[in-house]
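A short write-up of the structure that comes next.
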Amino acid sequence: MSLLAKLAAFALCTYAAVLLAAYLGQRRLMYFPDPERIPPAEAGLLGVSERILEAPDGARLVAWYGKAKPGAPTLLYFHGNAGGLAVRGPRIQRFMELGWGVFMLAYRGYAGSTGRPTEAANVADAGLAYAALAREGVAPTSIILYGESLGTGVATRLAAEHSAAGLILDAPYTSIVDVAAQAYPYLPVRYLLKDRYETAAVIGKVHIPLLILHGERDRVIPVAMGRELFRLANEPKRLATFPGASHSDIYIDGNPALDVVRQWIGALKQLPPG
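Per the numbering used here, the sequence shown starts with residue 115, numbered consecutively.
Given below as structure tokens:
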């Protein structure tokens, strides 16, 4: 065998090994959970308590719940792929200071929830969270579904199947496949991925008011994906982009995202029932 043929065979074997490792370890490249269970009070949150949801397969899911003030909505919040609940404490605090309630579910493997995260599990568990919030006495007309990054795919699926007052997508993607294809252009990710979160294929089934928030400097999920989802979505809809923001800092000082959300929620009361 010639040297060139040996080099080609070595390169092929190396690439095959990379493909196998990527396939077998794909969920480790997608989910970055902080498994530590921290009480809301330790995160500095007053008026927020822990709820435990029992999944049919035996998984126990941790959620944080802060009640809304009378007449105010509750955000049913699905977080991103990294960290846990405590790291999102400042967001919860900002929302509750405006009187809004927050019900935030920790995916499997995150913040004390048992099991391992998958797309199928996350979507199914979102339905459990919706039902749990209903048991708390919160009507669908007072629920606003909120998805952050990875959670935008979960929230969109829930919005396509359940009634709510509105849907907020914070740094959404057209699909996780599209995100992975940009991050790993040398891998055939469109054929490898198990958890695909095909939001663009689902957004047309959503018929409640929609708000999309996206940082224009986002290098994780490009703002072009948020704009494409906006194009595909039904009315009523609004797109707000923030020139100074990247992926997870739209609520930091200087980015008026909180004012945008507050104004949008206020305008929901002026819309006819859907």
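Positions of the beta carbon are idealized from the N, C-alpha and C atoms, including for glycine.
> So ILE322 and ALA354 are in contact, right, with Cβ under 8 angstroms, and what is the actual spacing, rounded?
Replying inline: With a Cβ gap of about 17 angstroms, ILE322 and ALA354 do not count as contacting.
> Are at least three pairs of beta-carbons, each pair with one atom in the segment 202 to 209 and one in the segment 157 to 167, less than 8 angstroms apart?
Replying inline: The segment 202 to 209, when compared against the segment 157 to 167, does touch it at the 8 angstroms Cβ threshold.
>> Quick check: the Cα distance between PHE124 and ALA338, rounded to an integer number of angstroms?
In response: Since pLDDT at PHE124 reaches only 48, below the 50 mark, its modelled position is unreliable, and the value read off the structure follows with that caveat. Between the alpha carbons of PHE124 and ALA338 lies a gap of roughly 38 angstroms.
>> Our contact map puts LEU167 next to LEU259 with C-beta atoms below 8 angstroms; I'd like the distance itself, whole angstroms only.
In response: Actually they do not touch by this definition, with Cβ atoms about 17 angstroms apart.
> Taking one C-beta from the segment 323 to 332 and one from the segment 236 to 251 each time, how about it: are there three or more such pairs within less than 8 angstroms?
Replying inline: no
> So what does DSSP say about ASP363, is it helix, strand or coil?
Replying inline: coil
> Would DSSP call TRP378 helix, strand or coil?
Replying inline: Looking at TRP378 - three-state DSSP - the assignment turns out to be helix.
> Going by alpha carbons, who is nearest to LYS308 out of PRO357, ALA294, GLY194 and ILE282?
Replying inline: ALA294
> Does the Cβ-Cβ distance between THR288 and LEU281 come in under 8 angstroms?
Replying inline: No, the pair does not count as a contact, with Cβ atoms beyond the cut-off.
>> Once DSSP output is grouped into helix, strand and coil, what is the label at LYS319?
In response: helix
> Which residues mark the beginning and the end of the beta strand (DSSP E) in which LEU281 is found?
Replying inline: In this chain, the beta strand (DSSP E) harbouring LEU281 covers 280 to 284.
> Alpha carbon to alpha carbon, how far is THR266 from ILE290?
Replying inline: Between THR266 and ILE290, the C-alpha separation is close to 11 angstroms.
> Among the residues of its own chain, which have a CB less than 8 angstroms from the CB of ALA173, if the five just before and after it don't count?
Replying inline: ARG222, SER227, THR228, GLY229, ALA235 and ASP239
>> Tell me the rounded alpha-carbon separation between TYR244 and ALA278.
In response: 10 angstroms
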